[in-house]
Ligand SMILES: [Fe+2]
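Residue numbers (our numbering): 533 to 983.
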C-alpha cells in the first residue's frame, strides 16, 4: 500500500523546537508584523493509516520590525492526544472521535483555533501552546469544519459541522465577537464528506458531493468514505441571515469532488460564481488515490435554476486562497499550489500559481529545483492596500538540504525573486492550511493573557 504520507517531506518531525532571530536572505517588509501559522498532520508514532489521520502540529514564524523573531512548532494537545488515542486504535478499528486537530488554524473573536472537521476547535495561544477545547461556551454541539468563512464586511464567521450520524449537516454562524448566534440543521440525503463550503454577499453555499460514508470501512484502517456512482452531486444555496433549512435551494451538478473552493461571489446580480479545485472523482479506486484537479467554475443562475460548468484552467491545483478581505466578494486575484504528479502518482513537484480572474491570465512562481512550496497565504501590505498590494507567504521545502524556509513573495511581481526568505531551524513537513495572524488588523488577535 502506498504510504506517501510517511515518506520524504511528508514524514513527521519529532522535536518541538523554539528558535529566535532567524537568518534572513533579502528583507522582511516592516509592514509585516504578526505571525504565519500553519497546521498539518504529524503522526506521533508509526503509520496512522491515512494522510489525514496524523496528529496536528502547528508551525509558526513571527515577523516584526524587519526581523523573523521566532519559529515554533507544537503539537495540538487535544484531550485524545494527551490520552494517546489515535484515529486508528491498537485494535485496528477507527476511533471516529479521536481529535487530531490537524487541518487549519484561524483566529476569530479573540481566540486562535486549531481545527479538524470531525471535532470542535482547540484553542491555542499565540505561542502555539494548547489552551484546550473551545465549543463557543457550550453552544456548539456538532463538529466544526476546518474551513469557516469570515465575512469581511460583517465580521461574522460562517461555518458548518457534518457527521456520519444525524444531524448529518448543521449550519452555524458566530458574530464578530465569537458568540455562536445561529445553528440550523440542513437536510441532505446521506452522510457525505463535506470538507469546505463558500459564502457570498447574500448566500451560503453547501456542497453535497458523492464521497459517502461506507460503514464497512469503519472496520478498516482507512478513511471511512468512498466514491459513489449513484449518490449524485448538488449545491445547496441558503440566503444569509436567519434562514432555515426550508430556505435552502438545491441545484444538481455533474458528479465530482471538491475539497476547496477558491472563492464565490455575485459578480453579476442573481448569478453566483463558485470557483473550485475540482476532482473528477475521489477515492473511487482507494482512499489514498488523489487524482489531478482543475480550477472549475460553477455559475448558478438562481432564478432559472440552472448551473453552468466550465474549466477555467487545465493545470492541476490545490490549496486555493484569496485575499481574506475579499472572501465572498468579487476578487480579481487568487493563489494556488500547482501540482505535477510524482512517480507514485501523487503530486510532488509544485509551483505557486497566481490567477488573474478578470483578465484570465496566470503567473507562476518557480522556487527552483527541489524546492517545493505548500499553500500560499496572501497578506496585504497595509490597511486599505489594493488587492494586489501585498505578499504571499508559504513554507518551502528544500530537498537539497532537507530543510524548509518561510518565503515571502511580492504578490504584484509574483514570478520575481522572493522579497525575503527565512531559513527555519528544521524542515516543515507538507501540511494543510494556515493563516496570517496580524498584530494590528489581523484575524482578531487575542489580547495578551495575564501570566
Ligand atoms: Fe482543507
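Here a beta-carbon is modelled for each residue, glycine too, at the ideal position from N, C-alpha and C. Quantities reported herein were computed from a predicted structural model and do not represent experimental measurements.
Counting only runs that start and end inside the stretch 922 to 948, the beta strand (DSSP E) elements of at least 3 residues fall at 922 to 930, 935 to 942. Note that the C-beta distance between residue 897 and residue 947 is below 7 Å.
Each residue's CA atom was taken as its position, placing residue 630 and residue 671 some 21 Å apart. If the five residues before and after residue 971 are omitted, its C-beta is found closer than 8 Å to the C-beta atoms of 565, 566, 596, 977, all from its own chain and listed in chain order. Residue 757 carries a strand assignment under DSSP once its states are collapsed to helix, strand and coil. In the three-state reduction of the DSSP assignment, residue 774 falls in the coil class, being assigned neither a helical nor a strand state.
The closest CA to that of residue 604, considering only 553, 717, 951, is found on 553. The residue among 924, 576, 690 with its C-alpha nearest the C-alpha of residue 737 is 690. Annotated three-state conformation of residue 568 is strand, per DSSP. Spatial neighbours of residue 710 in its own chain (CB-CB distance under 8 Å, excluding positions within 5 residues in sequence) are listed in chain order as 640, 641, 642, 643, 668, 689, 976. Leaving aside the five residues that flank residue 579 on each side, the residues in its chain whose CB is nearer than 7 Å to its CB run, in chain order, 535, 538. Taking 6 Å as the cut-off, one finds no heavy atom of ligand 1 near enough to the beta carbon of residue 783.
Residue 965 and residue 678 have their C-alpha atoms spaced approximately 9 Å apart.
In the DSSP assignment, residue 919 is bridged to no other residue. Nearest to residue 886 by alpha-carbon distance, out of 585, 697, 866, is 866. Contact between the stretch 782 to 800 and the stretch 847 to 860 is present, with at least three C-beta pairs closer than 8 Å. In this structure, residue 780 and residue 718 form a Cβ contact; the two beta carbons are roughly 6 Å apart against a cut-off of 8 Å. Annotation: the continuous beta strand (DSSP E) that includes residue 692 extends over 689 to 694. Annotated three-state conformation of residue 739 is strand, per DSSP. Between residue 665 and the set 651, 658, 687, the nearest pair of CA atoms involves 651. At least one heavy atom of ligand 1 sits closer than 6 Å to the Cβ of residue 791. Taking every protein chain shown into account, the CB of residue 890 has fewer than 16 other CB atoms within 10 angstroms, so this residue is exposed. Short of 7 Å from the beta carbon of residue 656, and not among the five residues preceding or following it, lie these beta carbons of its own chain, in chain order: 590, 608, 644, 646, 662, 663. Here residue 764 really is in contact with residue 784; their C-beta atoms are around 7 Å apart, less than 8 Å. Taken in chain order, no unbroken stretch of alpha helix (DSSP H) lies wholly in the stretch 809 to 835 with a span of 4 residues or more. Here DSSP, grouped into helix, strand and coil, assigns residue 912 to strand.
Ranked by how close their Cα comes to the Cα of residue 614, the residues 637, 598, 654, 913 have 654 in first place. Straight-line measurement puts the Cα of residue 757 at about 16 Å from the Cα of residue 823.
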